[in-house]
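When we follow the numbering used here, the leftmost residue of the sequence shown carries the number 8, and every step to the right adds one.
Note that beta-carbon positions come from the ideal geometry of N, C-alpha and C, so glycine has one too.
Notes to accompany the following structure.
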Amino acid sequence: MTAQTPPTPPFRDPRLPFAKRIDDLLARLTLDERIAFLHQFAPAVERLDVRAFRTGQEALHGVAWMGPATVFPQAVGLGATWNDDLVRRIGEAVSTETRAMRARDDRVGLNVWSPTVNLLRHPLWGRNEEGYSEDPKLTSAIATAYTRGLCGDHPDYWRTAPVLKHWLAHNNETNRDTTSSSVRPRVLHEYDLRAFRETVEAGAVAGVMPAYNLVNGRPNHVSPYLREQLRTWTDQDLLVCSDAGAPSNLVDSEHYFDTHEEATAAAILAGVDSFTDHGTDSSKIVERVRGALVQGLLSEADIDAAVRRQLAIRFRLGEFDPQSDPHAGVLDFDTPAHRALAQEAAEQAIVLLKNDGLLPLSPDVRVAVVGLLADECKLDWYSGTLIHRSTPLEGLSERFGAERVDFVEGVDRVRLRTSCGTYVSVPAADGVAEDMRGAEGTLDPALLAGRTDLPPLTADATGTELALIDWGEGVLTLRAPDGRYLSVAGDGYLRASADQPGGWVVQETFRLEASGTHANGHLLKHLGTGGYVSVATDGVKVAAEHRETFELEFTERGEDAVARATAAADVVLVVAGNDPHINGRETQDRTTLRLPEHQERLLRAARAANPNTALALVSAYPYAVDPADLPAVLWTAHGGQAAGTALARVLAGDVSPAGRLPQTWYACDDDLPDLLDYDVIGGRQTYLYFEGTPLFPFGHGLSYASFAYADLQVRRRLGALAVSFTVTNTGEVAADEVAQFYTRAVDPSVPRPRRELAAHRRVHLAPGASTDLTFELPLSAFEFWDVAIGRPRLEPGAYEVLVGASSEDVRLRTTVQLDGEPGAPRPVRERGLGAADFDEQRNIALVDRTKVAGDAVTPVDGGAGELVFRNCDFGDDGITSFTVEVAGGGTVELSLDGGPLTAALTLSATKGPYDYTTLGAEIAAVGVHDVHLGLRGPLRLARVGFSG
């Protein structure tokens, strides 16, 4: 007799729809197995031959953290390309390499946590490098292109499963896990939700990751918008993955819940499906979920809903159909096509901000390339390890010939003299293996330890000359002659051991502090540990005692070296910018738009020595630089592995620059709102509302060619406008142009954007060539969120259609009259007023009405604030009373049309912030009025009612 082959379980049958297969597998899993799936590191179920699975693989601009991979420009640089097709191809390359890397290392995950669609509302945000743009439309267009590339175009199976970060209204690193973003309904619907919504609706998104912050007083990991908004945008099962450690923050730092069982249950009920907490240790999350079940805070059905959404992603990734998965055999990695694509992306990301004819450079030019980033190819926290590397110096030397390129870095060269008269010395490290941080790959690079196999620094009679760089805000790095940075390992000793500053906690940065006992002396503070450097017999180390007092003996100032090198050059290129691990990164916001003083010194020295000085800014964010005395200025984000080659080709004119700014470059810090002011409308933020004069506007970028726009036509179609125009290259070189199409409400009843991007297209044109561009814009694009009715409304009236080369360089315009829904006074007798649905406010913050849903308002810091509700209709018969639903303690004052006080209600302190009570007073009013409410004290106002 022969043994019968056991029947194939339905979840293994590729002929069945995914939904039935998921039902079958879910029914076979025990409760304990289902609970275990809720952690990021879901274990294998061997009895069912189900493999282990982890959510989360960083892939923002290439596969990150897992060793060598193709490194593309930073995300903000991809945004600067304004090229959807290019970014889609990059997504394809990244997902292909993810598959290839997983084939040889199963630590590489296929659920990629990318892209970041947080809008670049504020340029001082530390994670500016991770987003695409300040504009929702551009952000969603680039994000949609990237996710489509990451998923692939197979109808059933994805190459990778992209998760959008970070839900929601997240633009500050300062106290990011405890600060609340106050987001009024119009900003929520017209700005912050849009980038997520339009990308999800495009159909190539696996899920989202909530952000660390709170929105309107409620942590994003228990956000009702996951249920009320996100899951209504698509029929797909979207996977919601927590950010690292955020579930524990609900209790530990935010104190939003008393117990972890309550917090975990609330997150699951809100829609979180996978918990990233405690690294690979799932035991705590499992224990919390079990505790929540025992306490009746969760049901098995709640667990099943979360597990079902995770399984939906796993089936789409082909995990259960290895024979049918079209991506299973993908091995393309670091291919010539990927290398060419990285160079193309780096070229397209370069923005020419100013050019008075200095560029492009002539073939026989002699160039002096100077600056702290002139011979650097910097990586950021979400970069892979470089396989190929190109710095500006290397690119220029290759393009123009090394004999025609001079280089000076511009560091200050110093010796550190101790109080005993000796000098800090870097001992030889003969026979020690080379090592690059993260080359082997790691699931958590924050855990990478510093090197201890090198000898610690010592002190002797001569010492070692060190390269000192001041990165701004007093943050310094010190580098040994062999190129290694001084770093502190876990044993506290200083060594010349790091190839670059880096790590979750950077161990290569220092600050000089004046010594109270020595006129010219300084203490050397190590910023990573917070300790001070001491010199002992066994070496130089960070210690709690015996802080050493150092004198800096300068052997060369950077600006002196720059002046010598630049005087005889035909052209000088100053390469300035940031190190992505210092002063502006995850966990750290910037404090200023200004270029660090060290780099300002180098720029001034170069400009004084040679008027033909161009500035190339290589940075993750905008700077406020004065371009008046500079004949040419360029900007590029950190451009990945081909950055130097790309810059050289643009400077030489091999490629005409066509990058465009994805965010406003402000002229000074005074133009910026407070970092925590999320009200882009009231705060007049971004190009949409900013009324000042920017240094460089949104969408700006120059070319070596010139372009003419003509024949603007607008045709009406059912529910849409068809907008067409012609672009012609009137220059002498082939070049790309980014045609930009904006709209503007001419006479709106509420504040609307000065202009708003509706569409864009990047086109390549030979000299004299023309192209006709057509865009179809749905009429819904002209809507705004009407707080009076709680939904979008198209206001009838005149709207401008504007076409041109930037948000301020408008070449064509016309006006169209649109029919719509006329506005009407608020029917407050019937509907009352939701406190958050104000038209205007002063010193008001939005907070959570309950821990589950709803918004209320409160004066900032318990002080005094004001709300204005326009056009409130009390009816012909009028009203005789008004009521307020309030909690806390304080006074609510009512007046009409800004007139005298009509009524005041005072509340004694309630038991808690959610212990609402209703107070009332008699008033008399007829007809339509503006309602003004003054709030005094730490109260929460949820609702106002009127009756007659």
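- The three-state secondary structure of Asn878, taken from DSSP, is strand.
- For Ile930, the uninterrupted beta strand (DSSP E) segment begins and ends at Thr924 to Ala932.
- Rounded to whole angstroms, Gly481 and Arg768 show a C-alpha spacing of 43 Å.
- Assignment of Arg592 by DSSP, reduced to helix, strand and coil, places it in the strand class.
- Under the DSSP definition of a beta bridge, Lys172 partners with Thr123 and Met216.
- If the five residues before and after Asp586 are omitted, its C-beta is found closer than 7 Å to the C-beta atoms of Lys385, Trp478 and Pro508, all from its own chain and listed in chain order.
- In the structure shown, the three-state DSSP call for Asn256 is helix.
- DSSP lists Thr392 as the bridge partner or partners of Pro75.
- For Leu36, the secondary structure class from DSSP, reduced to helix, strand or coil, is coil.
- The beta carbon of Thr471 is closer than 6 Å to those of Ser432 and Val433 in its chain, skipping five residues each way along the sequence.
- A Cβ-Cβ contact shorter than 9 Å links Phe557 with Thr425.
- When the beta-carbon positions are compared, Arg106 and Gly448 stay at least 9 Å from each other.
- The beta carbon of Gly402 sits closer than 6 Å to those of Gly651, Thr652, Leu654 and Ala655, all from its chain and outside the five residues before and after it, given in chain order.
- Between Ala766 and Phe748, the C-beta gap is smaller than 9 Å, which places the two residues in contact.
- For Asp387 against Gln81, the beta-carbon gap comes to about 6 Å, under 8 Å, which counts as contact.
- The beta carbon of Glu40 is closer than 6 Å to those of Val52 in its chain, skipping five residues each way along the sequence.
- Between the alpha carbons of Ala659 and Gln648 lies a gap of roughly 19 Å.
- Between the alpha carbons of Asp922 and Ala59 lies a distance of about 45 Å.
- Cys427 sits exposed, since fewer than 16 C-beta atoms from the chains shown fall within 10 Å of its C-beta.
- In summary, Phe561 is exposed, with fewer than 16 beta-carbon neighbours lying within 10 Å of its beta-carbon over all protein chains present.
- When the beta-carbon positions are compared, Leu501 and Lys548 come within less than 9 Å of each other.
- Setting aside the 5 residues that flank it on each side, Phe340 is surrounded in the same chain by Glu104 and Ala107, each with a C-beta closer than 6 Å to its C-beta; the list follows chain order.
- Taking a cut-off of 8 Å for Cβ pairs, the stretch 208 to 220 and the stretch 236 to 248 touch, as three or more such pairs fall below it.
- In this structure Asp284 is buried. Its beta-carbon is surrounded by 16 or more other beta-carbon atoms within 10 angstroms.
- Separation of the CB atoms of Cys879 and Val933 is rounded to 12 Å, and the pair is thereby denied contact status at 8 Å.
- Counting the other Cβ atoms within 10 Å of the Cβ of Leu840 gives 16 or more, which makes it buried.
- In the DSSP annotation of this structure, His161 is not part of any beta strand (DSSP E), being labelled neither H nor E.
- Residues Arg128, Val194, Tyr198, Thr693, Leu695 and Tyr696 of the same chain have their beta carbon placed closer than 7 Å to that of Val687, with the five preceding and five following residues left out of the count.
- Within the stretch 677 to 749, the runs of alpha helix (DSSP H) at least 4 residues long that lie entirely inside it are, in chain order, 693 to 696.
- Shortest Cα-Cα distance from Leu368 to any of Ser787, Gly797, Ala644 and Val579 involves Val579.
- The shortest CA-to-CA distance from Val70 to any of Gly646, Ala635 and Val119 is the one to Val119.
- Bounds of the alpha helix (DSSP H) holding Gln317 are Glu307 to Arg323.
- Here Ala253 is near Pro217, since their CB atoms are less than 9 Å apart.
- When the five nearest sequence neighbours on each side are left out, the beta carbons in the same chain lying within less than 6 Å of the beta carbon of Ala349 are those of Thr77, Phe79, Gly647, Gln648 and Ala649, in order along the chain.
- In the three-state DSSP reduction, Asp413 falls in the strand class (E or B).
- Inclusion of Pro774 and Ala741 in the CB contact set at 9 Å is warranted, their separation being smaller than that value.
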